[in-house]
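Enquirer: Provided herewith is a single structure, encoded as structure tokens, for subsequent inquiry.
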Amino acid sequence: MLGPSSEQVAEKSEAHVVAVCISEGGVPKQPQDRVRVTTSGLEGDAQEHAKHRKPTRAVSLFDEEILLQLREEGYDVSPGSIGENITLRNVHVQSLPPGTILEIGEVRIRLEEPRKPCFVLDVIDERLKDVLVGRCGYMGSVLREGEIRPGMPVTVNSSAERLVGDDHSAR
490 MLGPSSEQVA EKSEAHVVAV CISEGGVPKQ PQDRVRVTTS GLEGDAQEHA
540 KHRKPTRAVS LFDEEILLQL REEGYDVSPG SIGENITLRN VHVQSLPPGT
590 ILEIGEVRIR LEEPRKPCFV LDVIDERLKD VLVGRCGYMG SVLREGEIRP
640 GMPVTVNSSA ERLVGDDHSA R
């Protein structure tokens, strides 16, 4: 007998992936059915600026709840539109401390630093840079590679916990 699909698990679980997005450069990034995550970032995702091409900035993560707030404030945004790779529901990544580890299937991502809004958001609305200060998500490093799909559950581990099988050699 087959177990529940990722989407069925997500309906019941608190924290899960809403969207996984890539682009050939810039914004918006486009949602995908599945993406392989490597220590360099998401396969097929190009970074236009050298400052983004660092292992500690391999992946950008954003809370869906903040997207919903932005819509209520009148901004036309959806998953990937502000340049995030992974949109999450019920994780509240913005409130987590650096060093927190997110587990998504076999993938392990360590939150490194809060993401700062930049000028690329001007294509959506010139006010977004200011509106997103303090709520622009997180940049993360990939501790363990694998595939991510929308609907996959997310487990949050504090940085104080030691993960069994945490593979730092892939960095």
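Its first residue numbered 490, the sequence shown is counted upward by one per residue in the working numbering.
Backbone N, C-alpha and C define an ideal beta-carbon position, used for all residues, glycine too.
Please read these numbers as outputs of a predicted model, since none were measured by experiment.
1. Whole angstroms is fine: what's the gap from T644's alpha carbon to G629's?
2. Can you list, in chain order, the residues of its chain with a C-beta nearer than 7 angstroms to that of A508? Leave out the 5 residues immediately preceding and following it.
3. Only counting the same chain, and skipping five residues up and downstream in sequence, which positions put a Cβ closer than 6 angstroms to that of A535?
4. For F626 and P642, I'd like the C-alpha separation in whole angstroms.
5. Do you know offhand how far P493's Cα is from R604's?
6. If we ignore side chains and look at the alpha-carbon of each, how far apart do V506 and R633 end up?
7. Using a 10 Å radius around the Cβ and a threshold of 16 neighbouring Cβ atoms, would you call V526 buried or exposed?
8. Classify G654: buried if its beta carbon has 16 or more other beta carbons within 10 angstroms, exposed otherwise.
9. Spell out the partners DSSP gives Y627 in its beta bridges.
10. Provide the residue(s) that pair with P642 in DSSP beta bridges, ordered along the chain.
11. What does a CB cutoff of less than 8 angstroms around N646 pick up in its chain, not counting 5 residues either side in sequence?
Expert: Quick answer:
1. In the sequence shown, residue 644 corresponds to position 155, counting from 1. In the sequence shown, residue 629 corresponds to position 140, counting from 1. If you take the alpha carbons of T644 and G629, they lie about 15 angstroms apart.
2. Looking up residue 508 in the sequence shown gives position 19. Closer than 7 angstroms at the Cβ level, and outside the excluded window around A508, lie P520, P568, G569, T576, P639.
3. Against the sequence shown, residue 535 aligns to sequence position 46. Closer than 6 angstroms at the Cβ level, and outside the excluded window around A535, lie E513, G514.
4. Locating residue 626 in the sequence shown gives position 137, counting from the first residue. Locating residue 642 in the sequence shown gives position 153, counting from the first residue. One detail in the question is off: residue 626 reads as Gly in this sequence, not Phe. For G626 and P642, the distance between alpha carbons rounds to 18 angstroms.
5. Within the sequence shown, the letter at position 4 stands for residue 493. Within the sequence shown, the letter at position 115 stands for residue 604. Note that P493 scores 43 on pLDDT, short of 50, meaning its location in the model is unreliable; the coordinates nonetheless yield the value given after this. If you take the alpha carbons of P493 and R604, they lie about 34 angstroms apart.
6. The count along the sequence shown starts at 1 and reaches residue 506 at position 17. The count along the sequence shown starts at 1 and reaches residue 633 at position 144. Approximately 17 angstroms between the Cα atoms of the pair.
7. If you number the sequence shown from 1, residue 526 lands on position 37. Classification for V526: buried.
8. By one-based count along the sequence shown, residue 654 stands at place 165. Confidence is the limiting factor: at G654 the pLDDT is only 45, short of 50, which leaves the residue's position unreliable and the question unanswerable from this model.
9. Within the sequence shown, residue 627 is the residue found at index 138, counting from 1. Its beta-bridge partners are L550, P603.
10. Numbered from its first residue, the sequence shown carries residue 642 at position 153. H505, per the DSSP bridge assignment.
11. In the sequence shown, the residue the question calls residue 646 occupies position 157. Result list for N646: T589, I590, L591, E592, L652, in chain order.
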